[in-house]
Amino acid sequence: MGVKSYGQFCSVAKALDIVGDRWTLLVLRELLVQGPCRYTDLAHGLPGIASNLLSDRLRMLEDAGLVRREAAPPPVATTLFHLTERGRATEPVIAALARWGISYVDSVPGVEDEFRPYWFPHSVSAFLHDRPPGTDPATVQLITPIGSWAIEVVGPTPEVREGVADAPDLVLEGHPRLIIGLLSGSSTLEESVDGGLSVRGDAAVLGSFPLIPT
Numbered sequence: 001m002g003v004k005s006y007g008q009f010c011s012v013a014k015a016l017d018i019v020g021d022r023w024t025l026l027v028l029r030e031l032l033v034q035g036p037c038r039y040t041d042l043a044h045g046l047p048g049i050a051s052n053l054l055s056d057r058l059r060m061l062e063d064a065g066l067v068r069r070e071a072a073p074p075p076v077a078t079t080l081f082h083l084t085e086r087g088r089a090t091e092p093v094i095a096a097l098a099r100w101g102i103s104y105v106d107s108v109p110g111v112e113d114e115f116r117p118y119w120f121p122h123s124v125s126a127f128l129h130d131r132p133p134g135t136d137p138a139t140v141q142l143i144t145p146i147g148s149w150a151i152e153v154v155g156p157t158p159e160v161r162e163g164v165a166d167a168p169d170l171v172l173e174g175h176p177r178l179i180i181g182l183l184s185g186s187s188t189l190e191e192s193v194d195g196g197l198s199v200r201g202d203a204a205v206l207g208s209f210p211l212i213p214t
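Under our numbering, the first residue of the sequence shown carries the number 1, and numbering increases by one thereafter.
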C-alpha cells in the first residue's frame, strides 16, 4: 500500500490508498496500452515524471500485487514490467475515467498537451461497446496526422486496428481531438465538421454504429 492511508473502512478509500497517488493510474494506463514494458518505455509514455518517482510508483504497485517484473532473455536482456491479473482488473476503471474525462480534454484553450500516438486507439476503444446480435458489419476509417486506424465490427465486438481498411463505410479525417470529440458524443457532427473534420462516406453509420456505451 501507499505510504499514506485514508484510514477508512471503505473500499473506495482502500483502493485510493493503492492507486490514488499522482502518476499511479497513468503507470497502469501505460502497462495496459503498451503491454509489458521496459523502464525506458514507461518513462517515454509518462512525460514529466521524475525517474525516482517512477521507480517509487513501480515499487509500490509491486508491493500491492498489481505489477511484477521479470528479466527478459537476450536479445532484449533487460527487466520488463508486467501487469498481474489484479493489475489488469483496473482496465474497466481506467476506461471509465477516460469516458468521464473526455469533456475536460479541451478545457485549457491554447495549451498543447503532450501526446503519444498509441494513446489514440486506446482512447477510441473507451467509447466502443458491443453491438446487438445480427447487425450488419461496419467499418469506420480514422485518418489523423499521427496515423490511421480502422474501427471494424464483424462480430458483436468492435475492434480498433492500425492501418487502412478496404472499402470503409465512413472515413473520418482530421485532428485526433476532433475524432474523439465526435465518437465520444461531446461534439456533434456539425460542430466537428465546422472545426475541420473531413467526413466522407455514409455519415448515417454514426447513428447505427454504437460507439458510446449506454
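The beta carbon of each residue, even a glycine, is placed where N, CA and C say it ideally should be.
Compute the beta-carbon to beta-carbon distance between PHE120 and PRO158, rounded to the nearest angstrom, for a pair I have assumed lies under 8 Å. Numbered from 1 along the sequence shown, position 120 holds the residue referred to as residue 120. Numbered from 1 along the sequence shown, position 158 holds the residue referred to as residue 158. With 8 Å as the limit, PHE120 and PRO158 do not qualify as a contact, their Cβ atoms being about 15 Å apart.
How would you write the range of the alpha helix (DSSP H) that TRP119 sits in, first residue to last? On the sequence shown, position 119 is the one that residue 119 refers to. Residues 119-125.
I need the straight-line Cα distance from ARG194 to ALA98, nearest angstrom please. Translated into the one-based positions of the sequence shown, residue 194 becomes position 194. Translated into the one-based positions of the sequence shown, residue 98 becomes position 98. Per the sequence shown, the amino acid found at residue 194 is Asp instead of Arg. The alpha-carbon of ASP194 is positioned some 25 Å away from that of ALA98.
Which complete beta strand (DSSP E) runs does the region 149-181 hold, if anything under 3 residues is left out? The beta strand (DSSP E) runs lying completely inside the region 149-181 and spanning 3 residues or more are 159-162, 170-173, given in chain order.
State the beta-bridge partners of GLY201 as determined by DSSP. Working through the sequence shown from its first residue, we reach residue 201 at position 201. For GLY201, which the question treats as bridged, DSSP gives the partners LEU170.
Helix, strand or coil at HIS76 [DSSP, three-state]: The residue labelled residue 76 in the question sits at position 76 within the sequence shown. The amino acid occupying residue 76 in the given sequence is Val; His does not appear at that position. Three-state DSSP puts VAL76 in coil, outside helix and strand.
Is the separation between the beta-carbon of LEU83 and that of LEU32 shorter than 8 Å? As a working note, residue 83 is residue 83 in the sequence shown. As a working note, residue 32 is residue 32 in the sequence shown. Yes.
Simplified DSSP assignment, three categories, for THR144: Here residue 144 refers to the residue found at position 144 when the sequence shown is read from its first residue. Looking at THR144 - three-state DSSP - the assignment turns out to be strand.
Give me the DSSP bridge partner(s) of HIS82. As a first step, residue 82 is located in the sequence shown; it is residue number 82 there, counting from the start. Among the bridge pairs identified by DSSP, HIS82 is matched with ARG68.
Option in ALA167, GLY134, LEU170, ILE143 with minimal Cα separation from PRO156: Taking the first residue of the sequence shown as 1, we reach residue 156 at position 156. With distances taken between CA atoms, PRO156 lies nearest to GLY134 out of ALA167, GLY134, LEU170, ILE143.
VAL171: which of GLY181, SER186, SER148, SER187 sits nearest, CA to CA? Taking the first residue of the sequence shown as 1, we reach residue 171 at position 171. Selection GLY181, SER186, SER148, SER187 evaluated against VAL171 yields SER148 as nearest (Cα-Cα).
Any chance the region 46-63 sits against the region 136-154, with 3 or more Cβ pairs inside 8 Å? Using a Cβ-Cβ distance cut-off of 8 Å, the region 46-63 and the region 136-154 are not in contact, since fewer than three pairs of beta carbons, one from each stretch, lie closer than that value.
Quick one: what's got a C-beta closer than 6 Å to ARG200's C-beta in the same chain, skipping five residues either side? To locate residue 200, count along the sequence shown from 1; it is residue 200. For ARG200, where only same-chain residues beyond five positions count, the Cβ hits under 6 Å are VAL171.
Report yes if the C-beta distance between VAL140 and ILE180 is below 8 Å; otherwise report no. Start at 1 with the first residue of the sequence shown, and residue 140 comes out as number 140. Start at 1 with the first residue of the sequence shown, and residue 180 comes out as number 180. The Cβ atoms of VAL140 and ILE180 do not sit closer than 8 Å to each other.
Take CYS37 and list the residues in its own chain whose beta-carbon comes closer than 7 Å to its own, dropping the five residues that flank it on each side. The residue labelled residue 37 in the question sits at position 37 within the sequence shown. For CYS37, where only same-chain residues beyond five positions count, the Cβ hits under 7 Å are GLU30, LEU31, LEU80, PHE81.
Quick one: grab the DSSP three-state call for THR139. Counting from one through the sequence shown, the residue named residue 139 turns up at place 139. DSSP places THR139 in strand when its eight states are reduced to three.
Quick check on the burial criterion: 16 or more other C-beta atoms within 10 angstroms. Buried or exposed for PHE127? Position 127 of the sequence shown holds residue 127. So PHE127 ends up on the buried side.
Closer than 8 Å by C-beta to SER187: which residues in its own chain qualify, once you throw out the five before and the five after it? Chain order, please. Here residue 187 is taken as the residue at index 187 of the sequence shown, counted from 1. The answer, listed in chain order, is LEU178, GLY181, GLY195.
Alpha-carbon to alpha-carbon, ALA72 and ALA96: Within the sequence shown, residue 96 is the residue found at index 96, counting from 1. Within the sequence shown, residue 72 is the residue found at index 72, counting from 1. Approximately 32 Å, taken between the alpha carbons.
May I ask which residues mark the beginning and end of the alpha helix (DSSP H) holding ILE18? Locating residue 18 in the sequence shown gives position 18, where the first residue counts as 1. 11-19 is the extent of the alpha helix (DSSP H) around ILE18.
For the candidate residues TYR118, GLY35, GLY101, whose alpha-carbon lies nearest to that of LEU184? The residue given as residue 184 occupies position 184 in the sequence shown. The sequence as given places Ser at residue 184; Leu does not occur at that position. Among TYR118, GLY35, GLY101, the Cα nearest to that of SER184 is on GLY101.
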